[in-house]
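A.B. asks:
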Amino acid sequence: MPARASMDGVTSIHSTEGNLDNMSEIMSVAMTDDKESTVGTIGPAAIPNPEIEHVREVIVKMKETLGSLGINFDSLGDQTAKVATIPSGMETNQEILAVQRHMSRQRRKQDENIEEIKKLLREVAQEQIVEHLRNSVADQVIEIIDDFVEEEVRKQLEEIIPVELQNQVVEQKKQLEEVRRSLHNSEARRANALLRSTHMTDALHKLLLPSGMVSADFPDNLGELFAMDGPQAKRLLEEYGIDASESREKNLNRFMQFIGVSYQMASQTPALARRAKSDPLSGSFPS
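Okay, so the sequence shown: first residue is 5 according to our numbering, each after it adds one.
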């Protein structure tokens with residue numbers, strides 16, 4: 005409605021401006037007629053009418069003013085038309101509210117998803133913790149039961165079997181372990197005596213230490229035995245309780261004799277050194 009009223013005002017102004025143009029033409033015609041009517045009496049130098057000139061000036065000023073007003077009203081009409089296309093404040097508020105409601109729904113949905121993930125994580129964590137605790141408790145219970153049974157057996161033995169007899173049992177166990185170790189070492193020596201230098205990769209039968217273990221330096225076969233360096237050979241003898249010397253050959257010979265190998269290392273004479281270059285086994289021979 006405001007835009008229509010503005011357009012009507014602009015039309016009215018343009019109509020008034022047209023009327024002024026007509027009036028100006030009428031005044032011009034009147035002045036011409038007046039001039040023609042006075043030609044015969046006054047002559048070429050006709051006296052202008054001051055009132056008519058004043059009216060003409062007023063009409064010119066009115067035309068200029070109306071033209072300026074027309075331009076302003078045209079601009080106002082364009083602006084009014086543009087404003088009419090802009091949505092009203094109520095429509096804008098409704099759109100903002102709709103966006104806010106959509107964002108609220110998205111936020112609630114996101115919060116629900118986060119809570120669901122947290123719930124799943126708690127359930128998984130609880131299951132893992134319960135399983136870990138169950139296994140840990142089971143191990144602790146078994147350990148406690150073993151300790152309890154061992155303690156109860158010890159108490160019962162002290163009541164039933166005298167301490168002196170218990171000590172004898174412990175000593176007999178030690179002697180039995182020693183016999184087993186000696187038997188194992190004897191069998192190993194017997195098997196090592198059958199090894200031949202032509203089979204350098206045949207496995208050596210390893211002897212047990214007094215602790216029942218095998219030395220980490222014990223060679224796996226004859227090839228490793230003959231290639232053993234001086235410090236390793238000395239360390240191996242000391243570990244098995246055998247007197248060692250500073251000579252590598254002597255230490256290797258003592259160790260081979262200890263484990264039952266039927267070979268001895270010979271001292272490196274110049275002739276043997278030349279043979280060793282062509283035959284790696286030339287430094288050993290049957291005892």
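Even glycine gets a Cβ: it sits at the ideal position worked out from N, Cα and C.
1) Quick check on residue 258: buried or exposed, where buried means 16 or more other Cβ atoms within 10 Å of its Cβ?
2) What is the rounded straight-line gap between the Cα of residue 186 and the Cα of residue 242?
3) Is it the case that the segment 230–238 contacts the segment 147–163, given that we only count it when at least three CB pairs across the two stretches are under 8 Å?
4) Do residue 265 and residue 189 have their C-beta atoms closer together than 8 Å?
5) To the nearest angstrom, how far is the alpha carbon of residue 145 from that of residue 131?
6) Kindly give me the distance between the Cβ atoms of residue 225 and residue 205, rounded to whole angstroms, as I take these residues to be in contact under 8 Å.
7) Mapping DSSP to helix, strand and coil, what is residue 248?
8) With C-beta atoms as the reference, is residue 263 less than 8 Å away from residue 192?
9) Please look up how many angstroms separate the CB atoms of residue 199 and residue 219, rounded, as I've assumed it's under 8 Å.
10) Look at the Cβ atom of residue 181, then the Cβ atom of residue 216, and state whether they are nearer than 8 Å.
11) Start and end of the alpha helix (DSSP H) containing residue 237?
12) Buried or exposed for residue 123, please, with buried defined as at least 16 other CB atoms from any protein chain shown within 10 angstroms of its CB.
13) DSSP three-state call for residue 269: helix, strand or coil?
14) Based on DSSP bridge pairs, tell me the residues matched to residue 225.
15) Does residue 304 come out as helix, strand or coil in the three-state DSSP assignment?
16) Please report the residue range of the alpha helix (DSSP H) in which residue 192 lies.
17) If you count every other CB in all the chains shown that lies within 10 Å of the CB of residue 107, and 16 or more means buried, which is it?
18) Would you grab the beta carbon distance between residue 244 and residue 208 for me? Rounded to a whole angstrom, and I think it's under 8 Å.
19) Within the same chain, show all residues whose beta-carbon is closer than 7 Å to that of residue 254, passing over the 5 residues directly before and after it, in chain order.
20) Taking DSSP as the reference, what is the three-state secondary structure of residue 2?
21) Thinking residue 222 and residue 210 are a contact (beta carbons under 8 Å), I'd like their distance in whole angstroms, please.
22) Alpha carbon to alpha carbon, what distance is there between residue 152 and residue 261?
23) In this structure, how does DSSP classify residue 215 when only helix, strand and coil are distinguished?
C.D. replies: By the coordinates alone:
1) So residue 258 ends up on the buried side.
2) So the alpha carbons of these two residues sit roughly 18 Å apart.
3) Contact between the segment 147–163 and the segment 230–238 is absent, because fewer than three Cβ pairs lie under 8 Å.
4) By the CB criterion at 8 Å, residue 265 and residue 189 fall outside the cutoff.
5) Approximately 21 Å between the Cα atoms of the pair.
6) Rounded, the Cβ-Cβ distance is 5 Å, consistent with contact.
7) Note: residue 248 maps to coil in three-state DSSP.
8) Contact flag set, yes.
9) The C-beta distance from residue 199 to residue 219 rounds to 19 Å, too long to meet the 8 Å contact threshold.
10) Yes. Within cutoff.
11) Run containing residue 237: 234–243, per the alpha helix (DSSP H) assignment.
12) Residue 123 comes out exposed.
13) It is a strand residue.
14) Per DSSP, 207.
15) Nothing can be reported for residue 304, as the shown portion of the chain is limited to 5 through 291.
16) Segment 167–196, the alpha helix (DSSP H) holding residue 192.
17) Residue environment: residue 107 is assigned as exposed (fewer than 16 neighbouring CB atoms within 10 Å of its CB, all protein chains considered).
18) Under the criterion of beta carbons closer than 8 Å, residue 244 and residue 208 do not qualify as touching, at roughly 14 Å.
19) Excluding residues up to 5 positions away in sequence, nothing lies with its Cβ nearer than 7 Å to the Cβ of residue 254 in the same chain.
20) Because residue 2 is not part of the residues shown, which for the chain are 5 to 291, the question remains open.
21) Residue 222 to residue 210, Cβ: 5 Å. Contact.
22) Take the alpha-carbon of residue 261 and the one of residue 152: they are about 49 Å apart.
23) Residue 215 falls in the coil class under three-state DSSP.
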